[in-house]
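Reading through the structure tokens given below for one structure.
Number of protein chains: 2
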Amino acid sequence: MKPQIAVRRVTIADVARHAGVSTAAVSKVLRNAYGVSAEMTERVQSSIAQLGYRPHAAARGMRGRSFTIGLLLDNIRNPFYGDILDGVTDALAKTDFQVLVGSAGFSPRHQSRLADAMIDRAMDGLVLVAPSMSRSQVIATAKTVPTVVVGHHDTADEYDSVVDDDMAGAALVVDHLVTLGHQRIAHTSATATEGQWTRRPEQVRSDGYRQAMHRHHLDGAVRIAATSYSEEGGYRAGRELLDRPDRPTAIFAGADIAAVGVLRAAYELGLRIPGDLSLVGYDNTTIASIAPINLTSVDQAGHDMGATAARLLRERMDGRSRSVLTSAAPRLIIRNTTGPPPGP
Amino acid sequence: MKPQIAVRRVTIADVARHAGVSTAAVSKVLRNAYGVSAEMTERVQSSIAQLGYRPHAAARGMRGRSFTIGLLLDNIRNPFYGDILDGVTDALAKTDFQVLVGSAGFSPRHQSRLADAMIDRAMDGLVLVAPSMSRSQVIATAKTVPTVVVGHHDTADEYDSVVDDDMAGAALVVDHLVTLGHQRIAHTSATATEGQWTRRPEQVRSDGYRQAMHRHHLDGAVRIAATSYSEEGGYRAGRELLDRPDRPTAIFAGADIAAVGVLRAAYELGLRIPGDLSLVGYDNTTIASIAPINLTSVDQAGHDMGATAARLLRERMDGRSRSVLTSAAPRLIIRNTTGPPPGP
DNA sequence: CAGATTGTGTAGAACGTTCTACAATCTCTT
DNA sequence: AAGAGATTGTAGAACGTTCTACACAATCTG
Chain A
142 MKPQIAVRRV TIADVARHAG VSTAAVSKVL RNAYGVSAEM TERVQSSIAQ LGYRPHAAAR
202 GMRGRSFTIG LLLDNIRNPF YGDILDGVTD ALAKTDFQVL VGSAGFSPRH QSRLADAMID
262 RAMDGLVLVA PSMSRSQVIA TAKTVPTVVV GHHDTADEYD SVVDDDMAGA ALVVDHLVTL
322 GHQRIAHTSA TATEGQWTRR PEQVRSDGYR QAMHRHHLDG AVRIAATSYS EEGGYRAGRE
382 LLDRPDRPTA IFAGADIAAV GVLRAAYELG LRIPGDLSLV GYDNTTIASI APINLTSVDQ
442 AGHDMGATAA RLLRERMDGR SRSVLTSAAP RLIIRNTTGP PPGP
Chain B
142 MKPQIAVRRV TIADVARHAG VSTAAVSKVL RNAYGVSAEM TERVQSSIAQ LGYRPHAAAR
202 GMRGRSFTIG LLLDNIRNPF YGDILDGVTD ALAKTDFQVL VGSAGFSPRH QSRLADAMID
262 RAMDGLVLVA PSMSRSQVIA TAKTVPTVVV GHHDTADEYD SVVDDDMAGA ALVVDHLVTL
322 GHQRIAHTSA TATEGQWTRR PEQVRSDGYR QAMHRHHLDG AVRIAATSYS EEGGYRAGRE
382 LLDRPDRPTA IFAGADIAAV GVLRAAYELG LRIPGDLSLV GYDNTTIASI APINLTSVDQ
442 AGHDMGATAA RLLRERMDGR SRSVLTSAAP RLIIRNTTGP PPGP
């Protein structure tokens, strides 16, 4: 069809020629570095505008900064991650940094492959959200590029950490249910995986649950079903807990998405919510707020966590080497899936 | 704290030195190009393995391929996009290509900025999902880098198109509702925006709706509320339609997420579903299948669409210049939100 | 056995930036 | 008037690849 003459890119050399200066001068203007007069700055900027020049980020990446931040997720579908992404993006909105998201699935192998791919693409910083790749691999990554880990409570010198106070979050839930009169309060968690992480969010949440139950002298009522944070996992955990003779009157699901699975299990068994069973989720995702669900959940301010991650990352890029841990305070959002336990 | 000696990257020169050959030879082995003996291939590959060498994608990008595909979305939260992403990723799984996702929001300005950013990062191909940036900007983008547009039915020589047969999908919905006995079938759509696109999915769907209504001699019952494909938009559209005196007995929402908003409106008005109102969504996202919702919806095989997009992109990258349009056949998934209309 | 052909390897110039040296000019000091 | 700074500009070497052009050797052809 048409000749398809690939339009050659406008480069810094074109700008330099147009403005009648050296490429070095243009580069200085671009980075507003020292050693350039006001007059030249103006001339160069005018040329840039006239030619529609945009710096080639990949080329920049070869020498230092590519102005790209990578966000590594296991799964793009978790709406909570949308909040985190928005936080990161908003925090970087006024800068030249661009956020690119990689979705690697849950497999540690794929995740570390993706992290490598991001490094190979000269990214300036990485945000790893609840990575399933091993801790030593994360540390190796963080030695190469500034890195923030979101979710896991395990810290290390090499990376910064942004977590939710999952211990407090779990306490909020248990306290709420106890106040309503519940005693047989069960919990759905996720099974421990390999990878040397000892304080994943789900572990801290179930520790918090246990501890809160203990505080209320309900140690005997502790029941935990560990599957995975997914609809299917929630369903299996729900069946496991609800099929028992000493059926709980309330279930604290470790994640909203798992709560949805519990909901399915409850429907199957003909249980009414909150009449027969109270249910609480975690994350306060959009799923929790949709009308027919209206799930009581714990909000962990994903947007703030993302924004914090971006801030820490920039600090690291600017040379901070000491490691930082920030912890966000969770809030309980009470909706319609919790109420008093059924009469005996 | 620790000295933090940035570990220098293993480069092609290191491999060459280790194997006792030239960098050109190593490069040939990497690209398995012509002109290299079996013996040398083996020697180089062994060196690569021993040194743990990984090619620097950004540097590669400066000369041709960066082995990176960009997927541009308006919003990471739409679960339908998760299907598309999985399709693209799976189709490229056996290759060296990596998929990176950019989430630009709905603003055309931000979208085209992100598309530019992807070009600046030397991406080899772009998949634009229902872009809101103007058609001429998409065409300009496509002139620079192989591009596939998913969703919009408007075609152009410069890019390939992957669409769902939204016309047929709308017909499936209307036929289903008419078969159940409905006549007052309303539709929620999205307001037309700027940008020279004339056949966005929502437009084709509402055309299909109108046409199907006509086929059933129900032209007089056509009611369309155009807001946006979002929970809030669905709510507003739902209120608009349900507050009328001639309240519809069924609503065909243009997207699952909008259907959820309609659901909220119906709950507010005390309408039972499907007793008082039948409701159908579109996209068959995970939201549709969760237990308390159980939404009848139209499945448009997002995974296949993504895989197709990846295939078309690779063909373009390999030199095809003729433009291709592929259309997927939608399927109606009947769940519990549709039933016979209420008695008079 | 001369010339042509094929096979295998290397040198070195791109690609578009950044940034270290250094050169040239100006402005003060004394 | 002669340095000493300060200011403003430029040349050119990186960064890690790819790929064209060419050199050399081995093999084939008549």
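In order, the protein sequences belong to chains A and B. Take the position in the first sequence, starting the count at 1, then add 141; the result is the number in our numbering. Take the position in the second sequence, starting the count at 1, then add 141; the result is the number in our numbering. For every residue, glycine included, the Cβ atom is placed at its ideal position computed from N, Cα and C. No experiment lies behind these values; they were computed from the predicted model shown.
- prompt: Mind pulling the chain B residues with CB within less than 7 Å of H197 (chain A)?
  reply: Within the first sequence, residue 197 (chain A) is the residue found at index 56, counting from 1. The contacting residues are D261.
message: Can you tell me whether I475 (chain B) is buried or exposed? The criterion is at least 16 other CB atoms within 10 Å of its CB, across all chains shown.
response: Position 334 of the second sequence holds residue 475 (chain B). It is exposed - the Cβ of I475 (chain B) has fewer than 16 other Cβ atoms within 10 Å.
task: Just confirm the distance between the C-beta atoms of A501 (chain A) and L436 (chain A), as a whole number of angstroms; I'd bet it's less than 8 Å.
output: Look at the range of chain A in this structure, 142 to 485, and you will see that residue 501 (chain A) is not part of it.
message: What does the alpha-carbon distance come out to for the pair I146 (chain A) and E299 (chain B)?
response: On the first sequence, residue 146 (chain A) is found 5 positions in, with the first residue counted as 1. On the second sequence, residue 299 (chain B) is found 158 positions in, with the first residue counted as 1. In this predicted model, I146 (chain A) has a pLDDT of only 46, less than 50, meaning its place in the structure is not dependable; the value taken from the coordinates is given anyway. About 12 Å.
query: Relative to chain A, which residues along the segment 400-416 of chain B have a C-beta separation below 9 Å, given in chain order?
result: V401, G402, L404, R405, A406, A407, Y408, E409 and I414
Boundaries (first-last residue) of the alpha helix (DSSP H) holding F221 (chain B): Within the second sequence, the letter at position 80 stands for residue 221 (chain B). That run of the alpha helix (DSSP H) goes P220 to A232.
- prompt: What are the boundary residues of the alpha helix (DSSP H) that Q186 (chain A) is part of?
  reply: To locate residue 186 (chain A), count along the first sequence from 1; it is residue 45. Note, Q186 (chain A): alpha helix (DSSP H), A179 to L192.
C-alpha distance - E373 (chain B) paired with L473 (chain A), whole-angstrom precision: Taking the first residue of the second sequence as 1, we reach residue 373 (chain B) at position 232. Taking the first residue of the first sequence as 1, we reach residue 473 (chain A) at position 332. Rounded to the nearest angstrom, the two C-alpha atoms are 23 Å apart.
- prompt: Taking Cβ to Cβ, would you say D305 (chain A) is nearer than 7 Å to H444 (chain A)?
  reply: In the first sequence, the residue the question calls residue 305 (chain A) occupies position 164. In the first sequence, the residue the question calls residue 444 (chain A) occupies position 303. No, they are not a contact pair.
field: Cβ neighbours of T467 (chain B) in the same chain (closer than 6 Å, five flanking residues each side left out)
entry: Along the second sequence, one-based indexing puts residue 467 (chain B) at 326. So the qualifying residues of the chain are V303 and T449.
field: Beta-carbon neighbours of I280 (chain B), restricted to chain A and to distances below 9 Å
entry: Translated into the one-based positions of the second sequence, residue 280 (chain B) becomes position 139. Counting only Cβ-Cβ distances below 9 Å, I280 (chain B) has no contacts in chain A at all, with the closest Cβ about 12 Å away.
query: Mind listing which residues of the segment 337-352 of chain B have their C-beta closer than 9 Å to chain A's C-betas, in chain order?
result: none
query: Would DSSP call Q252 (chain A) helix, strand or coil?
result: Locating residue 252 (chain A) in the first sequence gives position 111, counting from the first residue. Helix, per DSSP.
field: M203 (chain A) at chain B interface by Cβ criterion, 7 Å
entry: On the first sequence, position 62 is the one that residue 203 (chain A) refers to. Yes, contact with chain B.
- prompt: What does E372 (chain A) reach in chain B if we use C-beta pairs closer than 8 Å?
  reply: Here residue 372 (chain A) is taken as the residue at index 231 of the first sequence, counted from 1. Chain B residues near E372 (chain A): T427 and I431.
query: If we ignore side chains and look at the alpha-carbon of each, how far apart do S207 (chain A) and T339 (chain A) end up?
result: Along the first sequence, read from residue 1 onward, the residue named residue 207 (chain A) stands at position 66. Along the first sequence, read from residue 1 onward, the residue named residue 339 (chain A) stands at position 198. Their backbone Cα atoms lie some 34 Å apart in a straight line.
- prompt: In this structure, what does DSSP give as the bridge partners for S438 (chain A)?
  reply: Walking along the first sequence from the start, residue 438 (chain A) turns up at place 297. Beta-bridge analysis with DSSP links S438 (chain A) to A:I474.
field: Helix, strand or coil at Y370 (chain B) according to DSSP, with G and I counted as helix
entry: Counted from its first residue, the second sequence places residue 370 (chain B) at position 229. It is coil, neither helix nor strand.
- prompt: In chain B, which residues lie with their C-beta within 9 Å of the C-beta of Q239 (chain A)?
  reply: In the first sequence, counting from the first residue as 1, residue 239 (chain A) sits at position 98. By Cβ distance, chain B contributes G243, R254, L255, A258, M259, D261 and R262.
- prompt: Can you tell me whether N134 (chain A) is buried or exposed, with buried defined as 16 or more other CB within 10 angstroms of its CB?
  reply: Given that chain A is displayed from residue 142 to residue 485, the structure contains no residue 134 (chain A) and the question cannot be resolved.
Spatial distance of V148 (chain B) from S273 (chain B) (CA atoms): Here residue 148 (chain B) corresponds to residue number 7 of the second sequence, with the count starting at 1. Here residue 273 (chain B) corresponds to residue number 132 of the second sequence, with the count starting at 1. About 43 Å.
message: Our contact map puts V270 (chain B) next to V291 (chain B) with C-beta atoms below 8 Å; I'd like the distance itself, whole angstroms only.
response: What you label residue 270 (chain B) is simply residue 129 of the second sequence in a count that begins at 1. What you label residue 291 (chain B) is simply residue 150 of the second sequence in a count that begins at 1. At roughly 5 Å, the Cβ-Cβ gap stays under 8 Å, so V270 (chain B) and V291 (chain B) are in contact.
- prompt: If you compare alpha carbons, which of B:R325, B:G205 and B:V439 is closest to P386 (chain B)?
  reply: Here residue 386 (chain B) refers to the residue found at position 245 when the second sequence is read from its first residue. Comparing Cα-Cα distances from P386 (chain B) to each of B:R325, B:G205 and B:V439, the minimum goes to B:R325.
Distance between Y350 (chain B) and A327 (chain B) (C-alpha atoms, nearest Å): Position 186 of the second sequence, counted from the first residue, corresponds to residue 327 (chain B). Position 209 of the second sequence, counted from the first residue, corresponds to residue 350 (chain B). The alpha-carbon atoms of A327 (chain B) and Y350 (chain B) are separated by roughly 9 Å.
N- and C-terminal bounds of the alpha helix (DSSP H) containing P202 (chain A): Against the first sequence, residue 202 (chain A) aligns to sequence position 61. In the sequence under discussion, the amino acid at residue 202 (chain A) is Gly, which differs from the Pro named in the question. Where G202 (chain A) is concerned, the enclosing alpha helix (DSSP H) stretches over A198 to M203.
task: With a cut-off of 8 Å on the beta carbons, I'd call A396 (chain A) and P482 (chain A) a contact; round off their distance for me.
output: Position 255 of the first sequence, counting from 1, holds the residue named residue 396 (chain A). Position 341 of the first sequence, counting from 1, holds the residue named residue 482 (chain A). Contact flag wrong, Cβ pair sits at about 23 Å.
query: Tell me, which residues are paired with S468 (chain B) by DSSP?
result: What you label residue 468 (chain B) is simply residue 327 of the second sequence in a count that begins at 1. Looking at the DSSP assignment, S468 (chain B) forms a beta bridge with B:V304.
query: Could you give the distance in angstroms between the alpha-carbon of A297 (chain B) and the alpha-carbon of G422 (chain B)?
result: The sequence position of residue 297 (chain B) within the second sequence is 156, counting from 1. The sequence position of residue 422 (chain B) within the second sequence is 281, counting from 1. Straight-line Cα distance between these residues: approximately 30 Å.
task: Establish whether the CB of P220 (chain B) and some CB of chain A are separated by less than 7 Å.
output: Here residue 220 (chain B) refers to the residue found at position 79 when the second sequence is read from its first residue. So, interface residue.
query: I189 (chain B) touches chain A at which residues, Cβ-Cβ below 9 Å?
result: Within the second sequence, residue 189 (chain B) is the residue found at index 48, counting from 1. Here the premise fails: no neighbours, minimum Cβ distance about 14 Å.
field: Test: S273 (chain A) CB closer than 7 Å to a CB of chain B
entry: As a working mapping, residue 273 (chain A) is identified with position 132 in the first sequence. Not an interface residue.
message: Suppose only complete runs of 4+ residues qualify. What are the alpha helix (DSSP H) ranges in the segment 267-299 of chain A, listed by chain order?
response: 276-285
query: Hey, is the segment 184-192 of chain A in contact with the segment 193-210 of chain B, meaning 3+ C-beta pairs nearer than 8 Å?
result: no
- prompt: Would I217 (chain B) count as contacting chain A if we go by Cβ distances under 7 Å?
  reply: Position 76 of the second sequence holds residue 217 (chain B). Cβ-Cβ to chain A under 7 Å: yes for I217 (chain B).
task: Please name the residue, chosen from B:T479, B:D440 and B:R150, that lies closest to P471 (chain B) on a Cα-to-Cα basis.
output: Start at 1 with the first residue of the second sequence, and residue 471 (chain B) comes out as number 330. Selected option, being the one with the closest Cα: B:D440.
Given 8 Å, three or more beta-carbon pairs between the segment 206-222 of chain B and the segment 237-244 of chain B: yes
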